[in-house]
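524 is the number of the first residue of the sequence shown in the numbering used here; add one for each residue after it.
Just so it is clear, CB atoms sit at the ideal spot from N, CA and C, and this is done for glycine as well.
In what follows, a single structure is set out as structure tokens and then discussed.
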Amino acid sequence: MDERAREKVEIQNWKDISYLLHGTPRQRQAYAALQNLRVMEILRAYSPVLVGTLPLDLDIAESDLDFLCAVYDHASFESQVRAAFAMQKNFALTRATINELPVVIAQFEFETFPFEIFGQPRPVAQQNGYRHLVVEARLLALGGDAARAAIRTLKRAGIKTEPAFARYFHLAGDPYQTLLELSNLSDAKLHQVVAGFPARREAD
524 MDERAREKVE IQNWKDISYL LHGTPRQRQA YAALQNLRVM EILRAYSPVL VGTLPLDLDI
584 AESDLDFLCA VYDHASFESQ VRAAFAMQKN FALTRATINE LPVVIAQFEF ETFPFEIFGQ
644 PRPVAQQNGY RHLVVEARLL ALGGDAARAA IRTLKRAGIK TEPAFARYFH LAGDPYQTLL
704 ELSNLSDAKL HQVVAGFPAR READ
């Protein structure tokens, strides 16, 4: 296990996008786009967090910039999002029910990035997308560069992020639910899961 990488995950503040400034060229490009669009400023009242593949350096050409927001007044949120982003290319706003909770999803394009803004009446840290982000970062810290390269290759082959993690680490069950369960584990327990990965691979 890379102890420096693990320490970085443990102290990472995902709410502060300045970490992108010290990342890959694509991450720095994303930071510039977010600053130009003033996304964090506009959404500040909703505790926005960038999730998905780009924070993890797993993004591919078509990857979105995915934001989670804690939204308890959907009408006000919709109004603010429309006012700020409706002029952007291919803007669309929809309402849906996911896991028995009402959500608002805004999508559009800005500069070279597709955006998705997801609003749900739940603190961001409790939302599935955030929990997936954190546990995936922990798994990558344990799996190292080999894990990141292999998972990115799977994504380029058309496999979604969570199924790609499940395939690489040979995780049983529904990938989305399994990763949520892993997110509750201590570092020691998660390390045991990763340590058993070679044995599971050899058994296949």
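How about residue i: is its C-beta nearer than 7 Å to some C-beta of chain C?
i, result
"S570", "Here there is only one protein chain, and chain C is not present."
Does the distance from the CB of residue i to the CB of residue j come in under 7 Å?
i, j, result
"F633", "Q611", "yes"
"L581", "R654", "no"
Measuring straight from C-alpha to C-alpha, what distance separates residue i and residue j?
i, j, result
"R567", "A695", "38 Å"
"G652", "G575", "7 Å"
"G666", "V717", "7 Å"
"Q650", "V658", "13 Å"
"I682", "L702", "16 Å"
"R551", "L577", "10 Å"
"L624", "R561", "28 Å"
"E704", "I565", "33 Å"
"A687", "N559", "32 Å"
"F638", "K712", "35 Å"
"F608", "K678", "29 Å"
"R549", "E601", "29 Å"
"G546", "Y569", "25 Å"
"E585", "A660", "20 Å"
"H729", "A689", "One cannot answer for residue 729 here, as it falls past the ends of the chain, which runs 524 to 727."
"C592", "A606", "17 Å"
"I583", "Y595", "32 Å"
"A670", "N707", "21 Å"
"I621", "R645", "12 Å"
"L573", "T635", "17 Å"
"V647", "F631", "21 Å"
"Y542", "D697", "31 Å"
Using CA atoms only, rank isn't needed, just tell me which of the options is closest to residue i.
i, options, result
"L616", "N622, V604 and L624", "V604"
"S599", "P686, Q643 and D668", "Q643"
"A673", "Y569, F692, R618 and V626", "F692"
"N613", "A629, N622 and N536", "A629"
"E685", "A606, A593 and Y699", "Y699"
"N536", "D697, D668 and L656", "L656"
"G719", "A680, L662 and D668", "L662"
"A664", "D697, L579 and K538", "L579"
For residue i, which residues of its own chain have a beta-carbon under 7 Å away from its beta-carbon, when the five flanking residues on both sides are left out?
i, result
"L544", "R551 and Y554"
"M563", "I540, L557 and P571"
"D587", "G575, P637, F638 and E639"
"A619", "V626 and I628"
"S709", "none"
"D731", "No information on residue 731 is available, as it lies outside the stretch 524 to 727 that the chain covers here."
What residues in its chain sit with their C-beta under 6 Å from that of residue i, if we drop five residues either side in the sequence?
i, result
"H597", "V627"
"F641", "L591 and I628"
"K538", "V572"
"A680", "none"
What span of residues does the beta strand (DSSP E) with residue i cover, start to end?
i, result
"R618", "K612 to I621"
"V647", "Element bounds for V647: n/a, residue is neither H nor E."
"I628", "L624 to F633"
From which residue to which residue does the alpha helix (DSSP H) around residue i run?
i, result
"A598", "H597 to F608"
"G666", "N651 to R679"
"I640", "Taken as a continuous stretch (DSSP letters only), I640 belongs to no alpha helix (DSSP H), being part of the beta strand (DSSP E) at F636 to Q643."
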